[in-house]
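Notes follow once the structure below has been shown.
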Amino acid sequence: MKWRDSWRFSAQVLLRHKTRTALLSFAVAIGVCSVLLLTSVGEGARHYVSKEFASLGSDILIILPGKKETSGGSIPFYSTTPRDLTIEDAQAVKHLSSVKSVAPVIAGTALVSHKNKSREVIAIGSTQDFLKVRNLTLSHGRGFSQKSADLAESICIIGAQLKDDLFGQQKAMGQWLKIAERRYRVVGILEQRGESLGLDMRDMVIIPIRSAESLFNSPALFRILIALKPRQDESLTEQRILSLIKKRHDNEEDITIVSQNAMMSSFDRISNFLTVAIGVIASISLVVAGFLIMNVSYISVSKRQQEIGLLKAIGATATEVRVIFLTESALLIGLGVCLGLAAGYTIAALFNQFIASFVLIIPWWAALASGLMSFVIGLLFTWLPAAKAASQDPVSAMRGN
Amino acid sequence: MTQLTMTKVIATKQITLSHIDKTYLVGEKPLHVLNDISLSIEAGEYISIMGPSGSGKSTLLNMIGLLDRVDNGSLVLENTETTVLTEEQRAKLRRNSLGFIFQNFQLISRLTALENAELPLVLAGVDANKRSEIVTELFESLGLADRLQHLPKQLSGGQLQRVAIARAMVMSPKILLADEPTGNLDQKSGKEVVGVLEELNRQGITLIMVTHDHELGARANRQLQMVDGVIVADSATCIEIGTNK
Numbered sequence: 000m001k002w003r004d005s006w007r008f009s010a011q012v013l014l015r016h017k018t019r020t021a022l023l024s025f026a027v028a029i030g031v032c033s034v035l036l037l038t039s040v041g042e043g044a045r046h047y048v049s050k051e052f053a054s055l056g057s058d059i060l061i062i063l064p065g066k067k068e069t070s071g072g073s074i075p076f077y078s079t080t081p082r083d084l085t086i087e088d089a090q091a092v093k094h095l096s097s098v099k100s101v102a103p104v105i106a107g108t109a110l111v112s113h114k115n116k117s118r119e120v121i122a123i124g125s126t127q128d129f130l131k132v133r134n135l136t137l138s139h140g141r142g143f144s145q146k147s148a149d150l151a152e153s154i155c156i157i158g159a160q161l162k163d164d165l166f167g168q169q170k171a172m173g174q175w176l177k178i179a180e181r182r183y184r185v186v187g188i189l190e191q192r193g194e195s196l197g198l199d200m201r202d203m204v205i206i207p208i209r210s211a212e213s214l215f216n217s218p219a220l221f222r223i224l225i226a227l228k229p230r231q232d233e234s235l236t237e238q239r240i241l242s243l244i245k246k247r248h249d250n251e252e253d254i255t256i257v258s259q260n261a262m263m264s265s266f267d268r269i270s271n272f273l274t275v276a277i278g279v280i281a282s283i284s285l286v287v288a289g290f291l292i293m294n295v296s297y298i299s300v301s302k303r304q305q306e307i308g309l310l311k312a313i314g315a316t317a318t319e320v321r322v323i324f325l326t327e328s329a330l331l332i333g334l335g336v337c338l339g340l341a342a343g344y345t346i347a348a349l350f351n352q353f354i355a356s357f358v359l360i361i362p363w364w365a366a367l368a369s370g371l372m373s374f375v376i377g378l379l380f381t382w383l384p385a386a387k388a389a390s391q392d393p394v395s396a397m398r399g400n
Numbered sequence: 000m001t002q003l004t005m006t007k008v009i010a011t012k013q014i015t016l017s018h019i020d021k022t023y024l025v026g027e028k029p030l031h032v033l034n035d036i037s038l039s040i041e042a043g044e045y046i047s048i049m050g051p052s053g054s055g056k057s058t059l060l061n062m063i064g065l066l067d068r069v070d071n072g073s074l075v076l077e078n079t080e081t082t083v084l085t086e087e088q089r090a091k092l093r094r095n096s097l098g099f100i101f102q103n104f105q106l107i108s109r110l111t112a113l114e115n116a117e118l119p120l121v122l123a124g125v126d127a128n129k130r131s132e133i134v135t136e137l138f139e140s141l142g143l144a145d146r147l148q149h150l151p152k153q154l155s156g157g158q159l160q161r162v163a164i165a166r167a168m169v170m171s172p173k174i175l176l177a178d179e180p181t182g183n184l185d186q187k188s189g190k191e192v193v194g195v196l197e198e199l200n201r202q203g204i205t206l207i208m209v210t211h212d213h214e215l216g217a218r219a220n221r222q223l224q225m226v227d228g229v230i231v232a233d234s235a236t237c238i239e240i241g242t243n244k
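Sequences listed follow chains F and H, in order. Heads up: the first sequence is residues 0 to 400, going by numbering that gives the first Met the number 0. Heads up: the second sequence is residues 0 to 244, going by numbering that gives the first Met the number 0.
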């Protein structure tokens with residue numbers, strides 16, 4: 000039998016039994032598509048978490064007031080502080096050679112209002128460096144100058160959500176709003192951006208550090224954010240900061256430094272867990288899809304024992320029968336895999352088009368594995384019944400034994 | 000039996016069966032379908048095999064047609080001992096030397112009359128042009144010239160069996176085996192089909208036909224009667240053989 004004839008023979012089967020072809024290829028397509036979508040949810044979740052950590056910025060150290068023996072992911076929001084961290088501490092740290100920028104932070108909640116609208120939000124007192132350290136950018140305005148921070152000017156930067164809530168579609172830049180009965184002029188609006196490690200950047204107001212000092216009537220810093228110069232020894236810098244602050248705090252080691260490394264190790268734990276979870280999801284969906292394809296292939300060949308018997312009766316060898324059925328199966332599975340890939344990528348693209356907060360990412364290996372698995376299982380479970388039927392004498396095959 | 004290892008056996012007969020046995024397992028009970036059958040057939044003979052249901056006549060035909068394997072004995076076709084052939088060699092022999100016609104036609108429903116008839120040629124790797132030439136010529140002689148592109152469901156019983164005959168004939172076999180070829184046909188179509196088969200026999204093809212129909216069986220030059228897996232009468236030898244149970 001010629002190759003061309005065997006392809007033509009198989010194509011005829013698929014073209015002339017359209018319903019059967021459609022049903023069988025849909026079964027394969029559903030298997031492939033479900034593998035793609037399930038793994039894309041897992042991969043999307045992994046991407047989401049890793050983006051969250053990346054938004055923190057790299058080479059970051061955070062100084063917290065109070066001594067905490069454990070280092071790691073959890074950040075102590077409340078701790079007893081023998082001695083407050085001050086703006087002067089922050090300025091001292093800035094003189095270290097390996098430090099690029101320092102952002103002292105005072106934080107609290109405050110009622111922000113404009114005309115008759117008001118919101119209770121987190122108010123951050125800091126410097127222009129806060130934006131650099133936290134990788135924040137402004138969609139409008141220029142933010143604080145060095146002078147404005149020192150002089151406790153009554154100016155503020157607001158998050159995108161807060162802007163919408165207070166000003167709606169109206170212009171906010173240059174407008175005045177009230178924070179706890181004091182008036183501040185809007186000099187910058189943060190670019191739209193999601194949550195970052197639990198702090199909603201869209202729903203926040205930032206004022207100069209000195210203004211915050213007087214607003215909250217306390218010089219105590221909530222924390223100091225430090226960005227290091229590129230390629231600096233992090234632990235060495237940590238040691239220098241520790242000894243510097245210790246010297247300034249009457250030789251008492253009363254601060255905690257959280258490093259990017261410590262946070263990355265907790266990120267790694269989450270990331271590894273998600274990788275394992277994706278692997279499990281992918282394996283389960285592959286097995287389910289595999290069973291689907293196995294049954295479809297097995298039944299479709301078994302149903303045609305009589306045809307196998309006839310082909311043998313009119314002179315087909317066992318090899319020719321196997322080739323005919325494997326070719327047909329390969330065409331059918333190829334069609335199903337293409338449909339499944341197309342459906343999976345289309346659904347993911349549509350989802351991403353309409354839902355912004357979470358991105359479905361189909362891992363390339365899921366597409367590869369589901370396609371390969373379809374062919375391996377499909378061809379195997381075509382070969383098994385086809386080879387069995389083909390090796391029988393024509394009479395037994397025709398009787399369907 | 001040592002001769003069985005030789006694939007070429009010198010013989011003047013076209014088909015020679017010697018001491019053939021065949022047993023099927025029905026449940027756990029062995030059923031002896033063919034019992035020590037010996038038979039010689041010369042080229043160009045017209046033979047009918049008759050007998051009650053379960054007498055083994057179809058099994059005998061399947062053995063000669065290499066659709067089934069014998070348990071014991073020797074079956075020589077065209078000077079070739081078939082019992083020692085591999086599956087592939089048997090398939091080639093079926094394709095090249097034998098034509099088979101079934102009671103229920105055994106046409107593939109999705110294929111047109113032309114595509115059904117040319118299947119043995121496709122398997123043999125014959126070019127598409129040559130195939131269509133051979134089939135068209137056969138269809139013309141069978142009165143099917145305008146039915147090439149019809150699907151089986153668009154054809155009558157008589158036409159279906161003639162398509163099946165065309166399929167059996169495309170490789171120009173020397174032996175034609177027909178298992179109840181008129182069993183699913185009305186009387187008129189049945190006569191037509193038998194007429195076609197007899198015409199092919201007159202052209203020199205050996206025709207072996209299994210039938211229930213005594214009138215039809217009587218038309219053959221040589222008639223075999225089977226009962227319980229044994230040939231009890233052979234008109235060629237004019238001897239009635241007693242059932243030797």
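Cβ coordinates follow ideal geometry from the N, Cα and C atoms, glycine included.
Same chain, Cβ closer than 6 angstroms to residue i, five either side skipped, listed in chain order
{"i": "F/Gly370", "result": "Val336"}
{"i": "H/Ser39", "result": "Lys12, Thr15"}
{"i": "H/Gly203", "result": "Gly43"}
{"i": "H/Met225", "result": "Gly50, Ser54, Gly55, Lys56"}
{"i": "F/Lys12", "result": "A quick correction: the sequence has Val, not Lys, at residue 12 of chain F. Excluding residues within five positions, the ones whose Cβ falls inside 6 angstroms are Glu327."}
Interface flag, residue i vs chain H, CB-CB below 7 angstroms
{"i": "F/Val394", "result": "yes"}
{"i": "F/Ala365", "result": "no"}
{"i": "F/Ile313", "result": "yes"}
{"i": "F/Arg15", "result": "yes"}
{"i": "F/Leu334", "result": "no"}
{"i": "F/Ala317", "result": "yes"}
{"i": "F/Ala388", "result": "no"}
{"i": "F/Lys1", "result": "yes"}
{"i": "F/Leu309", "result": "yes"}
Candidates the options, of which the one nearest residue i by Cα
{"i": "F/Arg398", "options": "F/Ala347, F/Phe324, F/Gln305, F/Leu334", "result": "F/Gln305"}
{"i": "F/Arg7", "options": "H/Asn183, H/Gly72, H/Val121, H/Glu87", "result": "H/Val121"}
{"i": "H/Gln222", "options": "H/Ile230, H/Glu214, H/Asp212, H/Ser234", "result": "H/Ser234"}
{"i": "H/Ile100", "options": "H/Leu206, H/Met225, H/Asp35, H/Ala144", "result": "H/Leu206"}
{"i": "H/Gly72", "options": "H/Thr22, H/Asp212, H/Gln105, H/Glu114", "result": "H/Thr22"}
{"i": "F/Phe411", "options": "F/Gly142, F/Glu119, F/Val120", "result": "The structure shown does not extend to residue 411 of chain F, since chain F spans only 0 to 400, so no value can be given for it."}
{"i": "F/Met200", "options": "F/Gln191, F/Ile208, F/Pro207", "result": "F/Gln191"}
{"i": "F/Arg15", "options": "H/Asn200, H/Glu136, H/Thr111, H/Thr135", "result": "H/Thr111"}
{"i": "H/Leu159", "options": "H/Leu176, H/His18, H/Pro180, H/Pro172", "result": "H/Pro180"}
{"i": "F/Gly343", "options": "F/Ser356, F/Ala365, F/Glu327", "result": "F/Ala365"}
Chain F contact for residue i (CB, 7 angstroms cutoff)
{"i": "H/Asp178", "result": "no"}
{"i": "H/Ala90", "result": "yes"}
{"i": "H/Leu60", "result": "no"}
{"i": "H/Pro119", "result": "yes"}
{"i": "H/Glu87", "result": "yes"}
{"i": "H/Phe99", "result": "yes"}
{"i": "H/Leu159", "result": "no"}
{"i": "H/Asp145", "result": "no"}
Residues near residue i in its chain [Cβ-Cβ closer than 8 angstroms; skip 5 each side]
{"i": "F/Phe166", "result": "His113, Gln174"}
{"i": "H/Asp35", "result": "His18, Ile19, Asp20, Gly72, Val229"}
{"i": "F/Ala219", "result": "Pro64, Thr80, Asp83, Leu84, Thr85, Ile105"}
Residues near residue i in its chain [Cβ-Cβ closer than 7 angstroms; skip 5 each side]
{"i": "F/Ser153", "result": "Arg181, Arg182, Tyr183, Arg184, Ser210"}
{"i": "F/Asp164", "result": "Lys116, Arg118"}
{"i": "H/Ile133", "result": "Leu120, Val169"}
{"i": "F/Arg3", "result": "none"}
{"i": "F/Pro384", "result": "Tyr297, Val300, Ser301"}
{"i": "F/Ser213", "result": "Ala151"}
{"i": "F/Ala91", "result": "Leu243, Arg247"}
Limits of the alpha helix (DSSP H) - the one that residue i falls within
{"i": "F/Gln11", "result": "2 to 15"}
{"i": "H/Glu214", "result": "213 to 216"}
{"i": "H/Ile63", "result": "56 to 63"}
{"i": "F/Leu161", "result": "159 to 166"}
Below-7 angstroms beta-carbon distance, residue i vs any chain A residue
{"i": "H/Gly26", "result": "Considering every chain present, this structure includes no chain A. Its protein chains are F and H."}
Opening and closing residue of the beta strand (DSSP E) in which residue i lies
{"i": "H/Ile174", "result": "174 to 178"}
{"i": "H/Gly72", "result": "71 to 76"}
{"i": "F/Arg230", "result": "Element bounds for F/Arg230: n/a, residue is neither H nor E."}
If you pair each beta-carbon of the segment 59 to 68 of chain F with each one of the segment 365 to 382 of chain F, do three or more pairs fall below 8 angstroms? They do not touch, by the three-pair rule.
Is there contact between the segment 132 to 150 of chain H and the segment 275 to 290 of chain F, where contact requires at least three CB pairs shorter than 8 angstroms? Contact between the segment 132 to 150 of chain H and the segment 275 to 290 of chain F is absent, because fewer than three Cβ pairs lie under 8 angstroms.
Between the segment 31 to 44 of chain F and the segment 218 to 230 of chain F, do at least 3 Cβ pairs fall closer than 8 angstroms? Contact fails: fewer than three Cβ-Cβ distances are below 8 angstroms.
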